[in-house]
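**Student:** Got a structure for you, questions after.
Number of protein chains: 4
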Amino acid sequence: MELAGPMLDAGARVIDLSGAFRLGTAENYQLWYKERHTQPELLKEAVYGLPEFCRGRVAAARLISKPGCYPTAANLAIKPLIEAGAIAREFGVVCDAKSGVSGAGRKASLKTSFCEVTENFSAYSILDHRHVPEVLRTSGLDEGEFSFTAQLIPIHRGILETIYFRASEKVASADDMLALYRGRYESEPFVRLYAPGQVPDLQAVAHTNFCDIGFKYDQKTRRAVVISAIDNLVKGAAGQAIQNMNLALGYPETAGLL
Amino acid sequence: MELAGPMLDAGARVIDLSGAFRLGTAENYQLWYKERHTQPELLKEAVYGLPEFCRGRVAAARLISKPGCYPTAANLAIKPLIEAGAIAREFGVVCDAKSGVSGAGRKASLKTSFCEVTENFSAYSILDHRHVPEVLRTSGLDEGEFSFTAQLIPIHRGILETIYFRASEKVASADDMLALYRGRYESEPFVRLYAPGQVPDLQAVAHTNFCDIGFKYDQKTRRAVVISAIDNLVKGAAGQAIQNMNLALGYPETAGLL
Amino acid sequence: MELAGPMLDAGARVIDLSGAFRLGTAENYQLWYKERHTQPELLKEAVYGLPEFCRGRVAAARLISKPGCYPTAANLAIKPLIEAGAIAREFGVVCDAKSGVSGAGRKASLKTSFCEVTENFSAYSILDHRHVPEVLRTSGLDEGEFSFTAQLIPIHRGILETIYFRASEKVASADDMLALYRGRYESEPFVRLYAPGQVPDLQAVAHTNFCDIGFKYDQKTRRAVVISAIDNLVKGAAGQAIQNMNLALGYPETAGLL
Amino acid sequence: MELAGPMLDAGARVIDLSGAFRLGTAENYQLWYKERHTQPELLKEAVYGLPEFCRGRVAAARLISKPGCYPTAANLAIKPLIEAGAIAREFGVVCDAKSGVSGAGRKASLKTSFCEVTENFSAYSILDHRHVPEVLRTSGLDEGEFSFTAQLIPIHRGILETIYFRASEKVASADDMLALYRGRYESEPFVRLYAPGQVPDLQAVAHTNFCDIGFKYDQKTRRAVVISAIDNLVKGAAGQAIQNMNLALGYPETAGLL
Numbered sequence: 418m419e420l421a422g423p424m425l426d427a428g429a430r431v432i433d434l435s436g437a438f439r440l441g442t443a444e445n446y447q448l449w450y451k452e453r454h455t456q457p458e459l460l461k462e463a464v465y466g467l468p469e470f471c472r473g474r475v476a477a478a479r480l481i482s483k484p485g486c487y488p489t490a491a492n493l494a495i496k497p498l499i500e501a502g503a504i505a506r507e508f509g510v511v512c513d514a515k516s517g518v519s520g521a522g523r524k525a526s527l528k529t530s531f532c533e534v535t536e537n538f539s540a541y542s543i544l545d546h547r548h549v550p551e552v553l554r555t556s557g558l559d560e561g562e563f564s565f566t567a568q569l570i571p572i573h574r575g576i577l578e579t580i581y582f583r584a585s586e587k588v589a590s591a592d593d594m595l596a597l598y599r600g601r602y603e604s605e606p607f608v609r610l611y612a613p614g615q616v617p618d619l620q621a622v623a624h625t626n627f628c629d630i631g632f633k634y635d636q637k638t639r640r641a642v643v644i645s646a647i648d649n650l651v652k653g654a655a656g657q658a659i660q661n662m663n664l665a666l667g668y669p670e671t672a673g674l675l
Numbered sequence: 418m419e420l421a422g423p424m425l426d427a428g429a430r431v432i433d434l435s436g437a438f439r440l441g442t443a444e445n446y447q448l449w450y451k452e453r454h455t456q457p458e459l460l461k462e463a464v465y466g467l468p469e470f471c472r473g474r475v476a477a478a479r480l481i482s483k484p485g486c487y488p489t490a491a492n493l494a495i496k497p498l499i500e501a502g503a504i505a506r507e508f509g510v511v512c513d514a515k516s517g518v519s520g521a522g523r524k525a526s527l528k529t530s531f532c533e534v535t536e537n538f539s540a541y542s543i544l545d546h547r548h549v550p551e552v553l554r555t556s557g558l559d560e561g562e563f564s565f566t567a568q569l570i571p572i573h574r575g576i577l578e579t580i581y582f583r584a585s586e587k588v589a590s591a592d593d594m595l596a597l598y599r600g601r602y603e604s605e606p607f608v609r610l611y612a613p614g615q616v617p618d619l620q621a622v623a624h625t626n627f628c629d630i631g632f633k634y635d636q637k638t639r640r641a642v643v644i645s646a647i648d649n650l651v652k653g654a655a656g657q658a659i660q661n662m663n664l665a666l667g668y669p670e671t672a673g674l675l
Numbered sequence: 418m419e420l421a422g423p424m425l426d427a428g429a430r431v432i433d434l435s436g437a438f439r440l441g442t443a444e445n446y447q448l449w450y451k452e453r454h455t456q457p458e459l460l461k462e463a464v465y466g467l468p469e470f471c472r473g474r475v476a477a478a479r480l481i482s483k484p485g486c487y488p489t490a491a492n493l494a495i496k497p498l499i500e501a502g503a504i505a506r507e508f509g510v511v512c513d514a515k516s517g518v519s520g521a522g523r524k525a526s527l528k529t530s531f532c533e534v535t536e537n538f539s540a541y542s543i544l545d546h547r548h549v550p551e552v553l554r555t556s557g558l559d560e561g562e563f564s565f566t567a568q569l570i571p572i573h574r575g576i577l578e579t580i581y582f583r584a585s586e587k588v589a590s591a592d593d594m595l596a597l598y599r600g601r602y603e604s605e606p607f608v609r610l611y612a613p614g615q616v617p618d619l620q621a622v623a624h625t626n627f628c629d630i631g632f633k634y635d636q637k638t639r640r641a642v643v644i645s646a647i648d649n650l651v652k653g654a655a656g657q658a659i660q661n662m663n664l665a666l667g668y669p670e671t672a673g674l675l
Numbered sequence: 418m419e420l421a422g423p424m425l426d427a428g429a430r431v432i433d434l435s436g437a438f439r440l441g442t443a444e445n446y447q448l449w450y451k452e453r454h455t456q457p458e459l460l461k462e463a464v465y466g467l468p469e470f471c472r473g474r475v476a477a478a479r480l481i482s483k484p485g486c487y488p489t490a491a492n493l494a495i496k497p498l499i500e501a502g503a504i505a506r507e508f509g510v511v512c513d514a515k516s517g518v519s520g521a522g523r524k525a526s527l528k529t530s531f532c533e534v535t536e537n538f539s540a541y542s543i544l545d546h547r548h549v550p551e552v553l554r555t556s557g558l559d560e561g562e563f564s565f566t567a568q569l570i571p572i573h574r575g576i577l578e579t580i581y582f583r584a585s586e587k588v589a590s591a592d593d594m595l596a597l598y599r600g601r602y603e604s605e606p607f608v609r610l611y612a613p614g615q616v617p618d619l620q621a622v623a624h625t626n627f628c629d630i631g632f633k634y635d636q637k638t639r640r641a642v643v644i645s646a647i648d649n650l651v652k653g654a655a656g657q658a659i660q661n662m663n664l665a666l667g668y669p670e671t672a673g674l675l
């Protein structure tokens, strides 16, 4: 938050990996991050760096706010559906998210010590994770429509989100849903789609900048389950920052990432 | 399925840990287990051995069908709420379930080999797991109201289920919900309840016959998240079988289990 | 170190799980633990609580020093052989020791954080671990004869030591070596011996107070490999303390431990 | 074994990753691999592909036998010392080896199933692993001088070997030993040496073609502990095969590997 200004003044393009510039307003930041935002004027300038949805603005931005890890996997899975009116929002969207331990950062902490994490699985920040407003802001969902739980997997890296919703009448079949995703992601270098009924696991995306998306659709009841998987240290962090940098500096978007 | 009859004929009380006698009808068994039920007459006699809800019938039964691991954790969490009319069922109930690898049984299998499981997390049987009808039968939910995904955690033992629903108007607050659970489980030796906002992790129940239940309730939007945790090898299998045996033979219910 | 005196003065029997009273002299303590020993008078009184070798003295002791985890596994494996003159000491004894992460204690530490330990294996305190003098004092080996490396396994609990030496002429065969161990441990409740060529793994001793010992002996070259396994949190810590307490208070030695 | 001949006849250069051509004679193969060698004439032609010691012959070879994973880490650590007469061989060399589970190959097997391996550590092939003769053949040690135990770490990938020996009078200090290694490996692209007292862990070499070597030397007693670490899937398998291919085809040796 404090470093971006001086860097911009010095003429640098800035890609911020923290949460400082993700939420749009100082009030929202204060509400979810529990501290005052000291650079509100930069908030207006900051461009949200989810290339699949803001490619053009990223290319032109001075200050890019790299998305959070959980919101990256969530928004890539649901935003195309929201935009297409494919979700019956009145029934709500559930996002059950799981992350490897590196998502907590590298530090001495009892909570992330080996013996607390191994042979364990635990939930945290149920319904009030600070990544929730970021998903809402990008996807267009309201808070009451989006239920999110973060959970810790005893692994090093990876985020897998299991997303439940009821499809609207626009989605008559699994093929309809796949067509919808394909229409949106056909030429995206870092989103991979699976055949209906097939879903990614975390080894599929480890050490890559891919977001893999698969789903199961029960036509009769319109219930859908989408699974979205990324490596939180790559597409969820440094890899997506490089993707943003490539766009900002006019390099090929996939440079260093494939 | 084949052994129960001869054992009963020989005068034994039988506690079946398989899925052979859980589903009530031969048709249902055929549908979900993909094989013909050869002992339909025993199906009628079998008592579902979830002591917290069928204690009296278990004590008198000759043939007890020990519940599946996933249904045990699911039904203990949702059945009291369903019975009390506390869930707005029209919005559906989501059960995102995770299990340690011992749930797959002890056998040579590529799927459960160390290198496939470690540093991984994967979903299977999305919306069509054979434990689904067992949950429906006990809880009273309809298939279209209950969305279930099974997932594999890289640990040995433990099941954690994250359950999402919208509460009905009967639940004005978190305290209401806790009171509801307390009313049902106050004197249960193997169900432990957590204060609102507190939830169990898997180390809390490992090597025990407890089912631990905690929840988070967002009063404003009526969204609730309940977390239910058991050790799949104890309350989810052999431990609950012993609990049933204790009831059937007139021993103290907790004998050998506390 | 500081608490033992006042407790003894108050009439208590004291079992110390720390390393404060294991090394016999204040000088030795200073040398290996890098701090001054403030209670040298108690050092003389302290009895080393390895019941398999000091049972009588433990029963009579006011102050019992519970052995370290690594020395427990090492001494149970090699002391019977040293006493019987079964090891050709001039060739040296190698003890390659591995421990689960709980051996480091429960605390916030980068070194024992999940992401540093998982998918890793690392050595520490090579040739200069503070448990070395404890092994020497009990076994009778000289420092130059005993090479010890401690290593961290990405598991919660368990110590496995792989011990290499050349047998003396007293050991003509694997059966001779087994007879030697049997003679010493026949009536020990917490030492289990394996047939020649069979060795324990860590799951065999997890959550128990057993020390399991197995070995391979190459008669032609007199090379022997002994594997000794304990649960560092039980026989290596609290379990052995209870075993000592049972002896000190006149309870059956196995009370609460089998 | 069977495929190499036809491939050579067809004009291909062959790099064999199996153990078929590592042991020099059909008798030795039969003894350690427990099956008859069907291509003894090819055994004579096969060149052992440890580039650090056979670079010239590899470049000219038609049939290259890629070294085993354990022997790669062992020989890179001890061969320079043997050649320099730096080891007092009469005291023996102990190699305590640990491997990740991928070393067992990808297959359905109870032994390598998740629940058998997690929270465990186990030894196998004590003193009689089939990689022993390969180490002897390359290093020049005799069987009676080399004690080897293989052990399974609950991780995916990586081999760490802890090697114990007594140094000869040619090694007066840790600096002498380092100088010896440096003299041998100075210009090697895939061997990294550590300062005396520093040793590698497995995360240091994961996903790389490096062999990292560190040691501790106790000048007073001449006892030395060398730790050698590789990724068994890279320098221990496919990576070293590529290194051989680069040499055989005249590419830069590090192509695709750095």
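Residue numbers (this note's numbering), protein chains in the order written: chain A, 418 to 675; chain B, 418 to 675; chain C, 418 to 675; chain D, 418 to 675.
No residue lacks a Cβ here, since even glycine has one placed at the ideal position from N, Cα and C.
#1: Among A:Y668, A:A591 and A:G517, which residue has its Cα nearest to the Cα of A567 of chain A?
#2: Spatial neighbours of Y634 of chain A within its chain, please: CB distance less than 6 Å, with the 5 preceding and 5 following residues excluded, ordered by chain position.
#3: For a cutoff of 8 Å on Cβ pairs, would you count T579 of chain D as touching chain C?
#4: What span of residues does the beta strand (DSSP E) with A641 of chain C cover, start to end?
#5: Between which two residues does the alpha helix (DSSP H) containing A567 of chain B stretch?
#6: For S516 of chain B, name the three-state secondary structure that DSSP assigns.
#7: What are the boundary residues of the alpha helix (DSSP H) that V552 of chain A is part of?
#8: Name the DSSP beta bridge partners of Y634 of chain C, please?
#9: So, helix, strand or coil for L480 of chain A, using DSSP?
#10: Kindly give me the distance between the Cβ atoms of I481 of chain A and D433 of chain A, rounded to whole angstroms, as I take these residues to be in contact under 8 Å.
#11: Three or more beta-carbon pairs under 8 Å between the region 487 to 494 of chain A and the region 647 to 654 of chain A, yes or no?
#12: Going by DSSP, name the residue or residues bridged to I504 of chain D.
#13: For chain C, check one thing: does any of its Cβ atoms lie closer than 8 Å to the Cβ of N649 of chain D?
#14: Tell me the DSSP secondary structure of T579 of chain D in three-state form.
#15: Leaving aside the five residues before and after D618 of chain C along the sequence, list all residues of the same chain whose C-beta is less than 8 Å from its C-beta, in chain order.
#16: Check each candidate in A:R639, A:Q456, A:A494 and A:A589 and name the one with the smallest Cα separation from F627 of chain A.
#17: Would you please verify whether the beta carbon of K633 of chain C is less than 8 Å from any beta carbon of chain D?
#18: For Y668 of chain C, which residues in the same chain have their Cβ closer than 8 Å to its Cβ, ignoring the five residues on either side in sequence?
#19: Output the boundary residues of the beta strand (DSSP E) element that contains D433 of chain D.
#20: Quick one: list the residues of chain A neighbouring R640 of chain B, beta-carbon separation under 8 Å, in chain order.
#21: Grab the span of the beta strand (DSSP E) containing L610 of chain D for me, first residue to last.
#22: Whose C-beta lies closer than 7 Å to the C-beta of A478 of chain B among residues of the same chain, with five residues either side of it excluded?
#23: In whole angstroms, what is the alpha-carbon distance linking G436 of chain B and P484 of chain B?
#24: Within a Cβ cutoff of 7 Å, which residues of the same chain sit near G422 of chain A, ignoring the five residues on either side of it in sequence?
#25: Around the C-beta of S556 of chain D, are 16 or more other C-beta atoms found within 10 angstroms, so that it is buried, or is it exposed?
#26: Anything in chain A within Cβ reach of P571 of chain B, meaning under 9 Å, just list it in chain order.
#27: Please confirm if the region 439 to 454 of chain B is in contact with the region 544 to 559 of chain B, defined as three or more CB-CB distances below 8 Å between the two stretches.
#28: Can you give me the C-alpha to C-alpha distance between R639 of chain C and Q620 of chain B, rounded to a whole angstrom?
#29: Got a sec: is the Cβ-Cβ distance from V622 of chain C to anything in chain A below 8 Å?
#30: Chain C partners of A525 of chain A, CB-CB under 7 Å?
#31: With distance defined between alpha-carbon atoms, name the residue in D:F632, D:K637, D:G653 and D:Q636 nearest to V643 of chain D.
#32: Among the residues of its own chain, which have a CB less than 8 Å from the CB of S519 of chain C, if the five just before and after it don't count?
#33: With Y668 of chain D as the anchor, note down where its beta strand (DSSP E) starts and where it stops.
**Tutor:** This is what the structure holds:
#1: A:G517
#2: A591, M594 and A641
#3: yes
#4: R640 to I647
#5: That residue, A567 of chain B, is in no alpha helix (DSSP H); its beta strand (DSSP E) goes F563 to L569.
#6: strand
#7: V549 to S556
#8: C:A641
#9: strand
#10: 7 Å
#11: yes
#12: D:A584
#13: no
#14: strand
#15: L577 and A646
#16: A:A494
#17: yes
#18: M662
#19: V431 to D433
#20: G509, L544, G561 and S564
#21: V608 to L610
#22: V464 and A665
#23: 8 Å
#24: Q456 and L459
#25: buried
#26: I570, P571 and I572
#27: yes
#28: 46 Å
#29: no
#30: A525, S526, L527 and S530
#31: D:F632
#32: H573, R574, N649 and L650
#33: Note, Y668 of chain D: premise wrong, no beta strand (DSSP E); not H, not E.
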